[in-house]
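Here is the structure we will look at.
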Amino acid sequence: MDTTPLSPRDRIDKDFKWVIRLANLMDGKFKIGNFRFGLDPILNFFPIIGQTLSFAISIVLVLVMFRNGASSKVAVKMLLNVMVDAIVGSIPILGNIFDFFSKANQRNVELLRSHYYEGKHQGSAKGILLGLFLGLLLLCVLLLYGLWRFGEWIIQLF
């Protein structure tokens with residue numbers, strides 16, 4: 001057994017190959033006709049346990065590559081892919097259908113490939129996080145406005 005430590009580049013390549021294999025298992029291992037799918041949509045047929053396991057595997061993929069020097073910008077983009085997959089995937093029936101088509105892990109592999117080998121997605125995630133924060137703030141304001149209007153309507157009924 002060779003105990004020579006891997007160079008940082010070799011370590012990234014080794015972990016990236018592992019991430020590709022696991023992403024393929026989750027999103028594209030099986031084929032029916034021209035349609036590919038993986039374990040992710042199958043696991044999501046098991047409420048809570050399957051969804052949690054699928055989410056945990058996706059988070060591990062992100063953490064492995066973040067540990068290998070992925071920029072915060074690419075890490076946030078990957079986490080957003082995982083979060084959208086988890087949130088929409090948790091909706092009964094619609095979520096199961098969505099999981100057959102979303103393939104968040106394979107999108108994350110493409111983000112990593114363009115980051116490591118093409119030099120894209122470098123830098124800070126501040127812009128993405130600021131946009132996300134402003135979007136959530138707007139959503140909260142709209143929700144509060146809607147609740148206010150609903151309350152006025154209810155009061156008007158009496």
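Read left to right, the sequence shown gives residues 1 to 158 (UniProt numbering).
Note that beta-carbon positions come from the ideal geometry of N, C-alpha and C, so glycine has one too.
Bridge-paired residues (DSSP) for residue i
i	result
I32	F35
Same chain, Cβ closer than 6 Å to residue i, neighbours up to 5 away in sequence not counted
i	result
S114	K120
A125	S72, K73 and V76
N81	A104, R107 and N108
R36	G28
G135	none
Expected contact under 8 Å - CB spacing of residue i and residue j to nearest Å
i	j	result
F101	G89	No, F101 and G89 are not in contact; Cβ-Cβ is about 11 Å, not under 8 Å.
L25	L6	So it is not a contact: roughly 23 Å between Cβ atoms.
Y116	F16	7 Å
A86	L61	Between L61 and A86 the Cβ distance is about 13 Å, and since that is not below 8 Å, they are no contact.
Own chain, CB closer than 7 Å to residue i, minus 5 neighbours either side, in chain order
i	result
N44	G50, Q51, S54, G89, G95, N96 and D99
M78	V62, N108 and L111
R11	N68
Residues near residue i by beta carbon distance below 8 Å, same chain, minus five either side
i	result
I20	V109
Touch test, the stretch 29-39 against the stretch 68-76, Cβ-Cβ under 8 Å, three pairs minimum
no
Counting pairs of beta carbons, one from the stretch 140-154 and one from the stretch 48-65, are three or more of them closer than 8 Å?
no
Unbroken beta strand (DSSP E) runs of length 3 or more, entirely within the stretch 16-82: which are they?
30-32 and 35-37
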